[in-house]
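*Asks:*
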Amino acid sequence: MLPKLCPHAQGRSVWQIAEPQRQNCSNDTYRSSKRLRVVAQRPQVTSPRGSSSTSGCPFSAGGFFTTPKDHLPFKPGPYRISMGLTPLQADDWIEVDEHYVQELNERNRLLQSNPGQVVGCIPEAEAANREALEMLPDYLLCRFPDRFSRHGNLMHNLALDQTLNLAEPGRNSLEMASLMVQPSTFQ
1 MLPKLCPHAQ GRSVWQIAEP QRQNCSNDTY RSSKRLRVVA QRPQVTSPRG
51 SSSTSGCPFS AGGFFTTPKD HLPFKPGPYR ISMGLTPLQA DDWIEVDEHY
101 VQELNERNRL LQSNPGQVVG CIPEAEAANR EALEMLPDYL LCRFPDRFSR
151 HGNLMHNLAL DQTLNLAEPG RNSLEMASLM VQPSTFQ
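Using UniProt numbering, read the sequence shown as starting at 1 and increasing by one per residue.
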């Protein structure tokens with residue numbers, strides 16, 4: 001929940017530091033002029049849940065890049081350095097930013113030159129990796145239909161013009177999943 005803002009703080013950009021003036025603030029929002037107060041306004045994010053889609057997909061097809069979420073929702077005010085973590089919504093499982101193509105090209109280059117050093121997984125985690133690989137293509141097709149297509153076991157990444165065989169024998173599930181999303185997802 002956002003703090004109640006002083007009238008003079010309305011319309012400011014995210015995380016600006018403001019020094020409230022007593023004549024412009026009510027008593028409940030007044031802070032001493034010797035202290036600075038963080039005016040926290042969250043960025044405007046459109047929710048994909050309300051979008052219409054002919055395929056019945058709950059995700060938006062409004063663009064390839066997603067707006068980063070507020071991963072550190074600290075409470076404002078003095079001496080309140082506690083984290084108010086909230087569960088991740090299924091809609092926001094994968095974030096794609098402007099570095100997507102560059103980071104995946106670098107990962108592909110590293111996988112070709114040093115495959116054993118780029119992807120490592122203990123055998124006990126293979127079932128979880130396989131489950132992630134089964135969920136990921138459907139999610140990407142639904143969330144980013146303008147960037148991915150699928151024909152049977154072939155997943156085509158339109159941003160990279162790359163086709164992956166999801167049923168390729170001997171290929172690590174974690175490696176296959178990592179070829180579709182940015183490195184920060186599977187670290």
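The beta-carbon is built from N, C-alpha and C at its ideal position, and this holds for glycine as well.
Does the segment 134-150 come within contact of the segment 117-126, defined as at least 3 CB pairs closer than 8 Å?
*Replies:* By the Cβ test, the segment 134-150 is not in contact with the segment 117-126, since fewer than three Cβ pairs between them sit closer than 8 Å.
*Asks:* Restricting to runs no shorter than 4 residues, where is the alpha helix (DSSP H) found entirely within the segment 118-158?
*Replies:* Annotation: the segment 118-158 contains the following complete segments of the alpha helix (DSSP H) (minimum length 4 residues), in chain order: 126-143.
*Asks:* What three-state label does DSSP hand Gln112 in the structure shown?
*Replies:* helix
*Asks:* Could you tell me whether any non-hydrogen atom of the ligand FMN is closer than 6 Å to the CB of Asp138?
*Replies:* The model on display carries no ligand, and the ligand FMN is accordingly not part of it.
*Asks:* Measuring alpha carbon to alpha carbon, tell me which of Thr86, Leu88 and Glu95 ends up nearest Pro183.
*Replies:* Glu95
*Asks:* Report, in whole angstroms, the separation of the C-beta atoms of Ala127 and Ala177, which I expect to be a contact under 8 Å.
*Replies:* Going by Cβ atoms, the distance from Ala127 to Ala177 rounds to 13 Å, so no, they are not a contact pair.
*Asks:* Pick helix, strand or coil for Gln89, following the three-state DSSP scheme.
*Replies:* coil
*Asks:* Could you give the first and the last residue of the continuous alpha helix (DSSP H) run that contains Leu164?
*Replies:* Looking at the DSSP string, Leu164 is not in any alpha helix (DSSP H); the run it does join, the beta strand (DSSP E), is Gln162 to Asn165.
*Asks:* So what does DSSP say about Arg107, is it helix, strand or coil?
*Replies:* helix
*Asks:* Quick one: residues in its chain with C-beta nearer than 7 Å to the C-beta of Trp93, no 5 flanking neighbours on either side, listed in chain order?
*Replies:* Tyr139
*Asks:* Which residues mark the beginning and the end of the alpha helix (DSSP H) in which Glu175 is found?
*Replies:* Run containing Glu175: Ser173 to Ser178, per the alpha helix (DSSP H) assignment.
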